[in-house]
Amino acid sequence: MDRRFVKVEKGLGPQGRIAVVRFDRGDNVNALSQQAMRELRDVPRDFEDDLETSVVILTGSARAFSAGFDLKDPEAWQRTSLPIGERIHRQRLGPRMCKAWQDMEQVTIAAIEGHCIGGGAALVVSLDFRFCGKGAHFRIPEVELGMNMSWGSIPRMLALMGPARTKQAVILASDRIGAAEALEWRLV
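Start counting the sequence shown at 0; every next residue gets the next number (numbering that gives the first Met the number 0).
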C-alpha cells in the first residue's frame, strides 16, 4: 500500500526484530487528517502475520509527535453533508486507529518528541509503552474546544494515571503536561 504520511522500516536492531513506524506529514505539526488516520489504522495489519518483528516503535517528526485531530482537514468537514451511515463510519476512524494499535501482538512503543496533543495523546495511550524526550509535552484540549475526549482513551488514561490525574489532564486542558510531569503522572 502506498502511504503518504506513514513509513514503515522493518528488520532493525541487532537481531532484526524491531520495526519503526514514522508518522510525518512534513508540516511541523503532524495533525491527524482523515488520510493520516487511515494510514495509521492500516499499519498494524502489516504486522498481523509478521513472526519476525517483536517490537514496533511509533514515532512522529523530530518536532512533533502529533497536534491531534486536524481541524483544518476538508475531508473531515465534508462528512456533515454525507448520509448518516457514512458519517457514522467516518466517525469511527479515530477509535479504530487506536484499537488497531492496542490489539497488536508485538510490543508497541511510542517515541514522543515535541507536542503530543488531543488525538495524538489518544493514540499513544493505546500503545504498550511511551517514552518521550525532555522537550515533549502533552495537552488534551478537547473539552476546551467543546469536543469530547473519546477514541477509547479515557479508560486507557485511567489505567495509566488514575482518576485524579486523568481528570486533571482532560478538564484542565490549558495546562501543558511537560515530560517530567508526564513521567511523574505515569503517562510515560
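Even for Gly, the Cβ is constructed at its ideal location relative to N, Cα and C.
Only a predicted model underlies this, so the values are computations on that prediction, with no experimental measurement involved.
Of the other Cβ atoms in all chains shown, fewer than 16 fall within 10 Å of the Cβ of residue 147; this residue is therefore exposed. Along the region 18 to 65, the beta strand (DSSP E) occurs as fully enclosed runs of 3 or more residues at 54 to 58, 63 to 65, listed in sequence order. With the rule of 3 Cβ pairs closer than 8 Å, the region 62 to 74 does not count as touching the region 95 to 108. Under the DSSP definition of a beta bridge, residue 97 lacks any partner. Residue 6 places its beta carbon less than 7 Å from that of residue 21. Using a 10 angstroms sphere on the CB of residue 161, the tally of other CB atoms stays under 16, which defines it as exposed. Per DSSP, reduced to three states, the secondary structure at residue 8 is strand. Here DSSP, grouped into helix, strand and coil, assigns residue 124 to coil.
Look at residue 106 here: in three-state DSSP terms it is strand. For residue 164, the enclosing alpha helix (DSSP H) stretches over residues 152 to 170. Excluding sequence positions up to five before and after residue 107, its CB lies within less than 7 Å of the CB of 55, 57, 100, 126, 127, all in the same chain and listed in chain order.
Residue 66 and residue 136 do not touch by the CB rule: their CB atoms are close to 12 Å apart, not below 8 Å. When the alpha-carbon of residue 33 is set against those of 14, 187, 92, the nearest one is in 92.
The beta carbon of residue 177 sits closer than 6 Å to those of 136, all from its chain and outside the five residues before and after it, given in chain order.
Counting along the chain, the unbroken alpha helix (DSSP H) around residue 183 starts and ends at 178 to 183.
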